[in-house]
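Residue 342 in the numbering used here sits at position 243 of the sequence shown, with consecutive numbering throughout. No residue lacks a Cβ here, since even glycine has one placed at the ideal position from N, Cα and C. If you're wondering where the values come from, they're calculated on a predicted model, not measured in any experiment.
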Amino acid sequence: MWKGKNVTVFVTGGIAAFKVATLVRLFVKAGANVEVAMTKSACEFITPLTFQVLTKNKVHTDTFDEDEASKVQHIHLADKTDVAVVVPATANTIAKMANGIADNFVTSTLLAITAPIFVASAMNEHMWENPATIRNVAQLKADGKVIIEPATGFLAEGYNGKGRLPEPEEIFEQVTFFESRRAYGSPLKGKSVLIAAGGTKERIDPVRYISNDSSGKMGYALAKAASVLGAEVQLVSTAKQLKVPFGVNVTYVESAREMEEVVTAQFPTTDVAVMVAAVSDYYVANRSDQKIKKQHNKSGLKLELAENPDILKGLGHSKKEGQVVIGFAAETEKVLEYAAAKLEKKKADAIIANDVSSSNIGFNADNHQVTILTKEGKQIPLPECSKDALALEIWKTLVAENVIR
Ligand code: C5P
Numbered sequence: 100m101w102k103g104k105n106v107t108v109f110v111t112g113g114i115a116a117f118k119v120a121t122l123v124r125l126f127v128k129a130g131a132n133v134e135v136a137m138t139k140s141a142c143e144f145i146t147p148l149t150f151q152v153l154t155k156n157k158v159h160t161d162t163f164d165e166d167e168a169s170k171v172q173h174i175h176l177a178d179k180t181d182v183a184v185v186v187p188a189t190a191n192t193i194a195k196m197a198n199g200i201a202d203n204f205v206t207s208t209l210l211a212i213t214a215p216i217f218v219a220s221a222m223n224e225h226m227w228e229n230p231a232t233i234r235n236v237a238q239l240k241a242d243g244k245v246i247i248e249p250a251t252g253f254l255a256e257g258y259n260g261k262g263r264l265p266e267p268e269e270i271f272e273q274v275t276f277f278e279s280r281r282a283y284g285s286p287l288k289g290k291s292v293l294i295a296a297g298g299t300k301e302r303i304d305p306v307r308y309i310s311n312d313s314s315g316k317m318g319y320a321l322a323k324a325a326s327v328l329g330a331e332v333q334l335v336s337t338a339k340q341l342k343v344p345f346g347v348n349v350t351y352v353e354s355a356r357e358m359e360e361v362v363t364a365q366f367p368t369t370d371v372a373v374m375v376a377a378v379s380d381y382y383v384a385n386r387s388d389q390k391i392k393k394q395h396n397k398s399g400l401k402l403e404l405a406e407n408p409d410i411l412k413g414l415g416h417s418k419k420e421g422q423v424v425i426g427f428a429a430e431t432e433k434v435l436e437y438a439a440a441k442l443e444k445k446k447a448d449a450i451i452a453n454d455v456s457s458s459n460i461g462f463n464a465d466n467h468q469v470t471i472l473t474k475e476g477k478q479i480p481l482p483e484c485s486k487d488a489l490a491l492e493i494w495k496t497l498v499a500e501n502v503i504r
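Below is the structure:
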């Protein structure tokens, strides 16, 4: 996504300027060529040298520092910018941008930029809520700038409030999200997508459970990709440890029966349901309310297992509003044969089959290789790649094959 892109970061004078060093590093690490421009007051908080070392580029601070006669620096920088990020954007710079004022290197360059501009603001809560700032931010939105809202938290003033600069990782994720959406278009726009992810836990007692090896990563990658491609995404997840992708709503569940309840309740308002979850086939029918003590007898401990509902099968057999239902088949042998049987038995529109017999792909791994089987009998193998890249490929293929219309 970022390889070879020219990202220009505009730093203005706020205490959160120190966080921009990390943000710049994230863009550099992702492969972007980063240039930094700073206002005079930004230089009071962090030195240009910091950014010069991180970016290996000269930092721009002065409109009249024209050391190359063949170029007008601020126009040259504006023209080569693919993505601009103003961070932290002070109330002062926001006001200037909203009114087309160009009285320093930063504002002059911003006025000349035609590429997307992201504005991540940070300021005192009362400044953010001032009617003038509200007006100026609304103007920036109307002008097509993307506003990354300040977060609520501990402010430099020593109290909690709205005005904190979001963490660099959060800003990077949001900018990447909108840029990916621009790059890939929105083939899932208007679609409501429901994704069940993670391995279910079936309680034996309050501290023990039966589960499986699923990490939930593939489900989260599909949720992230669907959101980038324009869908409204609801995740039903057991994987509390994973970061929820930007723009995705999540409901946490634990057992298969809890998952079924939430998925079934959301299904009527869903266009596409994807069961990526590794659902336990059985639950413990003789679950104990108290921690089970070690049994000092020869017969050991007997767990009684009862069958869980097959959620995918339930959805496949109850699609009344034309919903598209997609399942996964993780197999260690006869992968395509078993997947085809599942497609039929569960009345799914497509099954995504993957071989989990090797340890470098599949369960818990970062890479994945799958074959999509459609109910029209097509088998489409996708190349092995990261789960994020694969998720985009899966959605694009489902749209291209008319599984999702
Ligand atoms: O039947 P099997 O577990 O092999 O099928 C896998 C597919 O069915 C996956 O999409 C999984 O999420 C779904 N499934 C389900 N409910 C179950 C078992 C599996 O929805 N009880």
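### Message
Let me confirm a value: GLY415 is counted as buried when at least 16 other C-beta atoms fall within 10 Å, else exposed. Which label applies?
### Response
buried
### Task
Specify the secondary structure class of GLN394 as computed by DSSP and reduced to three states.
coil
### Task
Kindly list the residues whose CB is nearer than 6 Å to the CB of LEU411, restricted to its own chain and excluding five residues on each side of it in sequence; keep chain order.
MET374, GLY426 and LYS445
### Message
Taking 7 Å as the limit between beta carbons, can you name the residues of its chain near THR206, skipping five residues before and five after?
### Response
THR192, LYS195, MET196 and ILE200
### Message
Please identify the residue among THR496, LEU402, ALA372 and TYR437 whose C-alpha is closest to the C-alpha of GLU420.
### Response
ALA372
### Query
Does the beta-carbon of VAL306 have 16 or more other beta-carbons within 10 angstroms, so that it is buried, or is it exposed?
exposed
### Message
In this structure, how does DSSP classify ARG92 when only helix, strand and coil are distinguished?
### Response
Only positions 100 to 504 of the chain appear in the structure, and residue 92 is not among them; the question remains open.
### Message
Quick check: is any heavy atom of the ligand C5P less than 7 Å from the C-beta of GLY426?
### Response
yes
### Spatially closest choice to ALA499 from GLU278, LYS393, MET137 and THR473, by CA coordinates
THR473
### Task
Note down, in chain order, each residue of its chain lying with its Cβ closer than 7 Å to the Cβ of ALA116, except the 5 sequence neighbours on either side.
VAL110, ALA141, PHE144, ILE145 and PRO187
### Query
Under 7 Å from any heavy atom of the ligand C5P, does the C-beta of ILE410 make it?
yes
### Message
I need the DSSP call for ASN235, collapsed to helix, strand or coil.
### Response
helix
### Query
Where does the unbroken beta strand (DSSP E) through LEU334 begin, and where does it stop?
331-336
### Task
Check whether the Cβ atoms of THR160 and THR107 sit closer than 8 Å, and answer yes or no.
no
### Query
Comparing the CB of VAL342 with every heavy atom of the ligand C5P, is any distance shorter than 7 Å?
Looking at the sequence provided, one finds Lys at residue 342 rather than Val. Every heavy atom of the ligand C5P is 7 Å or more from the Cβ of LYS342, so no.
### Where PRO267 sits in the DSSP three-state scheme
helix
### Query
How big is the Cα-Cα spacing for GLN50 and ALA447?
Outside the modelled stretch of the chain, which goes from 100 to 504, sits residue 50, for which no answer is possible.
### Query
DSSP puts TYR259 in a beta bridge; with which residues?
The amino acid occupying residue 259 in the given sequence is Asn; Tyr does not appear at that position. PHE253, per the DSSP bridge assignment.
### Query
With 16 as the cutoff for other CB atoms within 10 Å, does PHE163 come out buried or exposed?
exposed
### Query
If we count the other Cβ atoms within 10 Å of its Cβ and call it buried at 16 or more, is THR369 buried or exposed?
buried
### Message
the ligand C5P and ALA376: does the residue's C-beta get closer than 7 Å to at least one heavy atom of that ligand?
### Response
yes
### Message
On the criterion of 16 or more Cβ atoms from any shown chain inside 10 Å, does ILE294 qualify as buried, or is it exposed?
### Response
buried
### Task
Count the C-beta pairs between the region 400-410 and the region 324-340 that are closer than 8 Å, then say yes if the count reaches three, no if not.
no
### Query
Would ILE471 pass as a contact of ILE503 if the rule is Cβ separation under 8 Å?
no
### Query
Among LEU400, VAL185 and GLU272, which one has its Cα closest to the Cα of THR138?
VAL185
### Task
Rank SER387, ALA324, GLY413 and GLN394 by C-alpha distance to the C-alpha of GLU403 and give the top, closest one.
SER387
### Query
Hey, quick one: how far does the beta strand (DSSP E) through LEU341 stretch, first residue to last?
LEU341 -> no beta strand (DSSP E), and no H or E assigned at all.
### Message
Contact between the region 256-275 and the region 213-230 is defined here as three or more beta-carbon pairs at a separation below 8 Å; is this criterion met?
### Response
yes
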